[in-house]
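Q: I'd like to ask you about the structure that follows.
Numbering (the numbering used here), first residue to last: 180 to 396.
In structure tokens:
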């Protein structure tokens with residue numbers, strides 16, 4: 180199931196009880212749609228639901244596993260990960276059923292969890308190569324692919340509203356029978372100024388809120 184939780188009222192609403200697994204939901208920039216990955220008959224594709232009409236449309240139609248969708252800031256395109264090439268890679272497409280698709284990642288290893296920046300000029304992602312996890316950024320056309328942080332189980336990038344800082348989580352390597360603790364970190368997109376974000380307990384999978392504008396007087 181996919182839920183919406185109102186952080187002001189505490190009200191929880193079920194969007195739909197879909198057949199199969201449903202995961203990785205994200206809002207569209209205008210807040211009127213939710214994009215998600217839905218698995219049916221052992222195959223997952225990208226779907227979008229209009230929150231006003233509750234109509235669900237299938238955006239991708241491929242025999243591969245496709246997940247982790249994220250909208251561009253103008254809502255006209257999405258990025259997602261797919262293993263249609265034989266391993267996880269990043270694609271972009273127009274945010275309509277059957278929209279034009281383009282693969283943008285061609286480096287070493289697997290690419291996952293792409294997230295479009297609030298300014299639209301970068302896409303952040305997780306890369307796994309020879310057992311090493313890292314956080315990277317690239318342009319929406321696939322150029323300037325580079326790493327900004329790495330470490331054992333370093334995953335889950337999310338953008339600050341200014342589009343110039345990323346937050347992610349890193350789990351340290353186990354020592355004997357003691358599992359590593361997941362912790363949050365932030366880093367500039369230049370790969371500098373990495374900082375640990377102190378939390379009261381283990382933390383993972385951060386999500387930065389949009390910039391909240393005060394109401395007009």
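In this text, a Cβ means the ideal position worked out from N, Cα and C, and glycines have one as well.
Fair warning: this is a prediction, and the values are worked out from it, not measured in the lab.
With respect to the beta strand (DSSP E) encompassing residue 250, which residues constitute its N-terminal and C-terminal limits?
A: 245-250
Q: Sorted by chain position, which residues of the same chain lie with C-beta nearer than 7 Å to residue 230's C-beta, five sequence neighbours on each side aside?
A: Here the set comprises 211, 212, 213.
Q: How far does the beta strand (DSSP E) with residue 347 in it extend, from its first residue to its last?
A: Element bounds for residue 347: 344-350.
Q: If you compare alpha carbons, which of 195, 342, 368, 328 is closest to residue 349?
A: 328
Q: Taking the beta strand (DSSP E) that residue 341 belongs to, which residues open and close that run?
A: Residue 341 -> no beta strand (DSSP E), and no H or E assigned at all.
Q: Among 301, 326, 322, 317, which has the Cα closest to the Cα of residue 308?
A: 326
Q: For residue 299, which of 271, 222, 285 has the nearest alpha-carbon?
A: 271
Q: When you compare only the Cα positions, how much space is there between residue 254 and residue 354?
A: 44 Å
Q: Between 319, 265, 335, which has its C-alpha nearest residue 383's C-alpha?
A: Nearest option by C-alpha distance: 335.
Q: Where DSSP assigns a beta bridge to residue 236, which residues make up the other side?
A: Checking the DSSP bridge columns, you'll see residue 236 partnered with 227.
Q: Would residue 284 be called buried (16 or more neighbouring beta carbons within 10 Å of its own) or exposed?
A: buried
Q: What's the gap between the Cα of residue 292 and the Cα of residue 195?
A: 23 Å
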